[in-house]
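This is how it looks when you write it as structure tokens:
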């Protein structure tokens, strides 16, 4: 009985949010399970590994980003390319064997719908990427790596997300 | 909540990598880039970001402000407008064969190429 209730609220949550969710469906955890806060520590461990990887592969280096956009080195293409291949295999395995989360919930991968935002937003993001040499995740890694002034860049990026939210209705999508 | 733990982990992981897993070698990019950057007064390769520009005092110069504050704003605004970033679209979206993610990735690259080759040089010369 309890299980059905959980399932229903899960579906409802998806339906009500779908219009918004379909625009930024990535990186959203739709799990409705409630856990004590320390269950979140596993995400921190994943973050730790990701942070170490970002530093050691130098993909968060402004210099490597400049190389990439000037086609002077294979470095970034190699790292991102192998990440895509690894992710492709993971997605294939998840679909093939219907792998569930560690709590037994189904993993749902949403279709990404096209919007003009992917073009306009993508271009703006590309500008920012080349200027700062970082995208969202690496901002945190750069701060951790000791370039503390990137805190300002992070705050500015957060301001950017707010301004987007404010003008969302008026922007072409 | 989970994502705050995740990004805290990223920063902590980066700190660990720099402190305990580093061989303290400078970044060694392509010589063509090194000679180009020399013209802009960028000579410090000891950190992942060029300390000649990315430091607290240059935040109050035009160059530093544009690169760090305007650049940061574009990352945040662009990421939400595009509905994802490098990991969301280029890695996760492409691996799940979502064609809008390919569009986004191509636009990331076009934006970056245009900025790095045609606009950034004039900003760095300021």
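Chains as they are written, first to last, in the working numbering: chain A, 1 to 173; chain B, 1 to 126.
Glycine is no exception: its CB is placed at the ideal position from the N, C-alpha and C atoms.
Taking CB distances under 8 angstroms as the criterion, tell me whether residue i reaches chain B.
i             : result
residue 88/A  : yes
residue 114/A : yes
residue 101/A : no
residue 98/A  : no
residue 82/A  : no
residue 107/A : no
residue 12/A  : Low confidence applies to residue 12/A: its pLDDT is 45, below 50, so where it sits in the model is not reliable enough to give any reading.
residue 67/A  : yes
residue 104/A : no
residue 26/A  : Per-residue confidence for residue 26/A stands at a pLDDT of 48, beneath the threshold of 50, marking its modelled position as unreliable; no derived number is given.
residue 54/A  : yes
residue 77/A  : no
residue 58/A  : yes
residue 32/A  : no
Rounded C-beta distance between residue i and residue j? I'm assuming under 8 angstroms.
i             : j             : result
residue 142/A : residue 60/A  : 6 angstroms
residue 168/A : residue 116/B : Their Cβ separation, rounded to whole angstroms, is 29 angstroms, which puts residue 168/A and residue 116/B out of contact at 8 angstroms.
residue 174/A : residue 14/B  : Shown here, chain A extends from 1 to 173; a query on residue 174/A therefore has no answer.
residue 2/B   : residue 40/A  : 5 angstroms
residue 46/B  : residue 26/B  : 5 angstroms
residue 95/B  : residue 88/A  : 4 angstroms
residue 128/A : residue 71/B  : 5 angstroms
residue 8/B   : residue 44/A  : 6 angstroms
residue 144/A : residue 53/B  : Not confirmed; about 19 angstroms, so no contact.
Please report the residue range of the alpha helix (DSSP H) in which residue i lies.
i             : result
residue 74/A  : Counting along the chain, residue 74/A falls outside any alpha helix (DSSP H), and DSSP gives it neither H nor E.
residue 153/A : 150 to 167
residue 67/B  : From DSSP, residue 67/B is part of no alpha helix (DSSP H); its letter is neither H nor E.
residue 31/B  : 31 to 39
residue 118/A : 117 to 132
residue 171/A : Note, residue 171/A: premise wrong, no alpha helix (DSSP H); not H, not E.
residue 112/B : 99 to 114
residue 3/B   : 2 to 20
Starting from the beta carbon of residue i, find every residue of chain B whose beta carbon is closer than 8 angstroms, and list them in chain order.
i             : result
residue 44/A  : 5, 6, 8, 9 and 12
residue 131/A : 66, 67, 70, 71, 74, 115, 120 and 123
residue 36/A  : Chain B residues near residue 36/A: none, gap ~11 angstroms exceeds 8 angstroms.
residue 127/A : 71, 74, 78, 111, 112, 114, 115 and 119
Taking C-beta pairs closer than 9 angstroms, name the residues in chain B that residue i reaches, listed in chain order.
i             : result
residue 152/A : 56, 59, 68, 69 and 72
At a CB-CB cut-off below 8 angstroms, which residues of chain A make contact with residue i?
i            : result
residue 44/B : Within chain A, no residue comes near residue 44/B; the closest Cβ sits about 10 angstroms away, beyond 8 angstroms.
residue 52/B : Result: empty, since nearest Cβ-Cβ is about 11 angstroms, beyond 8 angstroms.
residue 90/B : 80 and 84
residue 38/B : The contacting residues do not exist; residue 38/B stays about 13 angstroms from chain A at best.
Is the shortest distance between the beta-carbon of residue i and the beta-carbons of chain A less than 8 angstroms?
i             : result
residue 117/B : yes
residue 25/B  : no
residue 93/B  : yes
residue 122/B : no
residue 103/B : yes
residue 41/B  : no
residue 63/B  : no
residue 126/B : no
Determine which residues share a DSSP beta bridge with residue i and list them.
i             : result
residue 26/B  : According to DSSP, which records beta bridges pairwise, residue 26/B is partnered with nothing at all.
residue 174/A : No answer is possible for residue 174/A: the residues shown for chain A start at 1 and end at 173.
Show which residues of chain E have a CB atom less than 9 angstroms away from the CB atom of residue i.
i             : result
residue 120/A : Given the protein chain composition of this structure (A and B), no chain E is represented.
Strictly below 7 angstroms CB to CB, what residues from chain A border residue i?
i            : result
residue 87/B : 137
If the cut is a Cβ gap below 7 angstroms, which residues of chain B does residue i touch?
i            : result
residue 91/A : 95 and 96
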